[in-house]
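**Q** In our numbering, the protein residues as written are 2 to 212.
Mind looking over this structure? Questions follow.
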Ligand code: CO
C-alpha cells in the first residue's frame with residue numbers, strides 16, 4: 002500500500018478522534034441532518050478546497066465542483082445539485098468560485114486537443130468568442146488569461162440566474178442571492194467580482210421566465 006494511501010486512512014482516524022475529543026456528540030449531531038446556508042459551485046482543482054478557504058465546517062456548505070466551475074443548463078448533475086440546494090435545503094446564497102491559473106480556462110484559450118474535456122471546455126471557447134474583442138485587446142498573456150477567468154465566473158452567475166430553478170425561487174419570494182468570486186492560488190484570498198443577483202430584473206428580456 003502506498004504511503005499516501007495509508008496516510009489518508011490514518012488521517013481519518015486521527016480526525017475522528019480529535020473531533021470527538023472536542024465534542025463527543027459531534028458526529029451524532031451531524032448525522033441528524035444538514036441545513037447549509039450556502040451552495041458552492043467551484044472548480045475541481047485540488048488547490049481550491051471549498052470548505053477550507055472560507056473556514057466553513059461540515060454542515061455549512063453544499064458543494065458542486067467540476068472542471069472550470071461551469072453552470073451548463075443541460076448538466077443533470079449540476080441541475081440536481083441546484084434543485085436540491087434551492088428547493089430542499091433552501092440555501093440563501095450560491096457562490097460560483099473560479100480561480101486564477103485555472104487549467105480548464107487555460108486549455109480553452111489554446112488549440113491543443115486533450116480528449117473528452119475538449120467538449121466540456123468548448124463552453125469557455127464560446128465565451129471567448131463573445132468577448133473576443135476585449136480579450137484580444139489585452140497584450141499581456143497572463144492578464145488576458147486572468148480576464149477570461151473572471152468573465153467565465155460572471156457568465157456562470159448569469160447562467161445560474163437564467164435557470165428555471167433559481168427564477169422560480171425568486172418568484173415565490175424565497176431569499177436567494179447569487180455571487181461570483183475568484184480565488185487567488187498564490188495569495189489564498191478570494192475577490193468578490195461584485196456580480197450579484199437576487200432577482201431576475203437584470204437578465205436580458207429573453208431569459209426572463211413567467212413562472
Ligand atoms: Co480550475
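We put the beta carbon where it would ideally sit given N, CA and C, even for glycine.
Here the structure is a predicted model, which is why all the values come from computation and not from measurement.
Would you mind sorting residue 74 into buried or exposed? The rule is 16 or more other CB atoms within 10 Å of its CB.
**A** exposed
**Q** Less than 8 Å between the C-beta atoms of residue 87 and residue 167, yes or no?
**A** yes
**Q** Please report the straight-line C-alpha distance between residue 94 and residue 207, rounded to a whole angstrom.
**A** 25 Å
**Q** Check whether the Cβ atoms of residue 132 and residue 44 lie closer than 8 Å to each other.
**A** no
**Q** Would you call the CB atoms of residue 106 and residue 69 closer than 8 Å?
**A** yes
**Q** Would you please state the rounded distance, in angstroms, between the beta carbons of residue 183 and residue 150? I believe it to be under 8 Å.
**A** 6 Å
**Q** Residues bridged to residue 123 by DSSP?
**A** The partner list for residue 123 (beta bridge, DSSP) is empty, contrary to what the question assumes.
**Q** What first and last residue would you give for the beta strand (DSSP E) that runs through residue 63?
**A** Taken as a continuous stretch (DSSP letters only), the beta strand (DSSP E) holding residue 63 covers 62 to 67.
**Q** Considering only heavy atoms of ligand 1, does any lie closer than 7 Å to the CB of residue 94?
**A** Look at residue 94: its beta carbon is at least 7 Å from all of the heavy atoms in ligand 1.
**Q** Report the rounded CA-to-CA distance for residue 200 versus residue 42, giving the unit in angstroms.
**A** Between the C-alpha atoms of residue 200 and residue 42 there is a straight-line separation of about 19 Å.
**Q** Keeping to the same chain, check which residues put their C-beta closer than 6 Å to that of residue 147; ignore five residues upstream and five downstream.
**A** 101
**Q** Which ranges would you report for the beta strand (DSSP E) in the segment 9 to 45 if only whole runs of at least 3 residues count?
**A** Fully enclosed beta strand (DSSP E) runs of 3 or longer: 39 to 44.
**Q** Could you tell me which whole beta strand (DSSP E) segments of length 3 or greater appear in the segment 93 to 158?
**A** 94 to 100
**Q** Per DSSP, residue 191 forms a beta bridge with which residues?
**A** 184
**Q** Are the CB atoms of residue 63 and residue 90 within a distance shorter than 8 Å?
**A** In this structure, residue 63 lies closer than 8 Å to residue 90 by Cβ.
**Q** Using only the alpha-carbon positions, how far apart do residue 188 and residue 212 sit?
**A** 42 Å
**Q** Do residue 34 and ligand 1 come close, with the Cβ less than 7 Å from some heavy atom?
**A** no
**Q** Output the distance between the C-alpha atoms of residue 109 and residue 121, rounded to the nearest integer angstrom.
**A** Distance between the alpha carbons of residue 109 and residue 121 is about 9 Å.
**Q** From which residue to which residue does the alpha helix (DSSP H) around residue 53 run?
**A** Start and end: 51 to 54.
**Q** Less than 8 Å between the CB atoms is what I'm expecting for residue 60 and residue 20, so what's the real figure, rounded?
**A** Actually they are not in contact, since the Cβ atoms of residue 60 and residue 20 sit about 12 Å apart, beyond 8 Å.
**Q** Distance, Cα to Cα, residue 50 vs residue 39?
**A** 15 Å
**Q** Can you tell me which of the three DSSP states residue 179 falls into?
**A** strand
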